[in-house]
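Working notes, beginning with the structure itself.
Protein chains in written order, with this note's numbering: chain G, 1 to 110; chain L, 1001 to 1203.
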């Protein structure tokens, strides 16, 4: 009974502690790719994640709205270029997400 | 879920996908063949010019061929150091071949070194080149460098056994690099057409 209560508690803790914005698989993939680089453009992240143009745009807008990523418009030569950077807040949120989910899976019996 | 956020795998995949264009192979192939050409013509300044031009040429190729097709990425300090280290190894490799050839040709190194080099030239040069190539493969994670290392061992090993000229063995390896680079770059261009990339990047 005690174990069951603990498990239930852990699950509910996980539900509340998990960042719903990052938890969505496509956004998790975007965040993970941005975490390992300094900055990247729209095309590179699209190639790496395998998301479509529209889908990626929608997810990037959500991540930008919560302040996890910064979309920087710049010019390379005369061409406009969209660079994506993970913000300090986004980096911290991703690290926190990793920690929480790792703790949860580490506690599971093998 | 934990497998999905294996960051080391993602980092490696990201780094490797940025180097799937074959530019680095082309650069090494040209470098080796250029060093051989410098040795034949005795125009040392040409070798220096190539080393100076190698990095800007590589960067220009990345900007004009790779970035418009698969996008642009800036790696952090770790990634930049990795690329710099690889380029230094490769330039060092070309320099080594060039200077050893030149010194041997002009008889301007100590006799005992000349004796060893003249007895086992292919084994020594091939061995050093192989170790450096394996090191490059280990650092970069680009698996085709293991294939190059094996090709170096075969080319220089056979060269030692049947007494083929050192430069001929080097030329074989240089041509292999160049040929692989051309195939890789053609495949890359076919796989990622330019128009699509330009549209997406102008979002």
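We put the CB at the ideal spot given by N, CA and C, even for glycine. Predicted model only: the values in this text are computed from it and were never measured.
If you compare the alpha carbons of L:1062, L:1035, L:1066 with that of residue 1051 (chain L), the shortest gap goes to L:1035. For the stretch 32–53 of chain G, residues whose beta-carbon sits nearer than 8 Å to a beta-carbon of chain L comprise 32, 33, 35, 36, 37, 38, 39, 40, 41, 42, 43, 44, 45, 46, 47, 48, 53. Within the stretch 1127–1143 of chain L, no residue places its CB atom closer than 8 Å to a CB of chain G.
Between the stretch 1082–1095 of chain L and the stretch 56–63 of chain G there are fewer than three inter-stretch CB-CB distances shorter than 8 Å, so the stretches are not counted as touching. Apart from sequence neighbours up to five positions away, the residues of its chain that approach residue 1149 (chain L) with a beta-carbon distance below 7 Å are 1130, 1133, 1134, 1137, ordered along the chain.
Contact of residue 1075 (chain L) with chain G by beta-carbon distance below 7 Å involves 37, 38. Nearest neighbour of residue 60 (chain G) by Cα position, chosen from G:74, G:75, G:84, turns out to be G:84. The Cβ atoms of residue 70 (chain G) and residue 1014 (chain L) do not sit closer than 8 Å to each other. Measuring C-alpha to C-alpha distances from residue 1071 (chain L) to each of L:1020, L:1039, L:1053 identifies L:1020 as the nearest. Interface annotation, residue 1180 (chain L): not in contact with chain G, CB-CB separation never under 8 Å. Per the C-alpha coordinates, the member of G:35, G:103, G:45 positioned closest to residue 92 (chain G) is G:35.
The CB of residue 1014 (chain L) comes closer than 8 Å to the CB of 33, 36, 37, 48 in chain G, given here in chain order. The stretch 24–41 of chain G makes contact with the stretch 90–104 of chain G: 3 or more CB pairs, one atom from each, lie closer than 8 Å. A direct Cα-to-Cα measurement between residue 1184 (chain L) and residue 1022 (chain L) gives close to 5 Å.
Setting aside the 5 residues that flank it on each side, residue 1054 (chain L) is surrounded in the same chain by 1027, 1031, 1087, 1091, each with a C-beta closer than 8 Å to its C-beta; the list follows chain order.
Taking the Cα of residue 1163 (chain L) as reference, the smallest distance to any Cα among L:1153, L:1119, L:1176 is reached at L:1119.
Cα atoms of residue 21 (chain G) and residue 33 (chain G): separation of roughly 15 Å, rounded to the nearest angstrom. In this structure, residue 1156 (chain L) lies near residue 1122 (chain L), with their beta-carbon atoms less than 8 Å apart. In this chain, residue 51 (chain G) is not harboured by any alpha helix (DSSP H), its DSSP state being neither H nor E.
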